[in-house]
Amino acid sequence: MDIISVALKRHSTKAFDASKKLTPEQAEQIKTLLQYSPSSTNSQPWHFIVASTEEGKARVAKSAAGNYVFNKRKILDASHVVVFCAKTAMDDAWLKLVVDQEDADGRFALMNPLMIFIKIIKLR
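For the sequence shown, counting from 1, position 105 maps to 105 in full-length UniProt numbering; every step adds exactly one.
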């Protein structure tokens with residue numbers, strides 16, 4: 001099974017066969033895709049938690065309460081569960097860290113003349 005082809009089908013799985021597991025290579029492909037998800041100004045306001053052990057999936061399943069209790073079996077039966085954690089606020093200090101890292105990586109030099117102008121002003 002090719003992970004990218006499966007993702008492009010955009011199929012929402014309603015149930016999982018607990019006897020079927022992702023291979024280590026497939027799990028790594030998923031992690032790589034998550035790591036390379038694009039974001040505005042490369043801010044990457046998220047992180048991911050991947051649970052693949054019974055203990056890890058049980059911890060995630062505890063969150064499936066109330067209106068989401070129907071997801072508990074899906075979480076426990078899935079080979080791997082990805083928890084998406086999002087940063088809910090990006091203050092100026094966070095954005096400055098992102099921009100400074102982009103600058104240190106030399107990414108502004110490859111951008112349009114306006115960004116070069118901003119960099120020159122910043123150096124003054």
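Note that the Cβ used here is the ideal one computed from N, Cα and C, for glycine as well.
In the DSSP output, which residue or residues are listed as bridge partners for His47? Its beta-bridge partners are Cys85.
So for Ile73, helix, strand or coil by DSSP? In the sequence on display, residue 73 carries Arg and not Ile. The DSSP-derived three-state label of Arg73 is helix.
The alpha helix (DSSP H) enclosing Asp103, as first and last residue numbers: Where Asp103 is concerned, the enclosing alpha helix (DSSP H) starts and stops at 92-104.
When the Cα atoms are used, what is the spatial distance from Asp77 to Thr32? Spanning the two alpha carbons is a distance of roughly 23 Å.
According to DSSP, simplified to helix, strand and coil, what is Lys9? Residue state for Lys9 is assigned as helix, using DSSP reduced to three classes.
Reduced DSSP secondary structure (H/G/I, E/B, other) of Ser19: The answer is coil: DSSP assigns Ser19 none of H, G, I, E or B.
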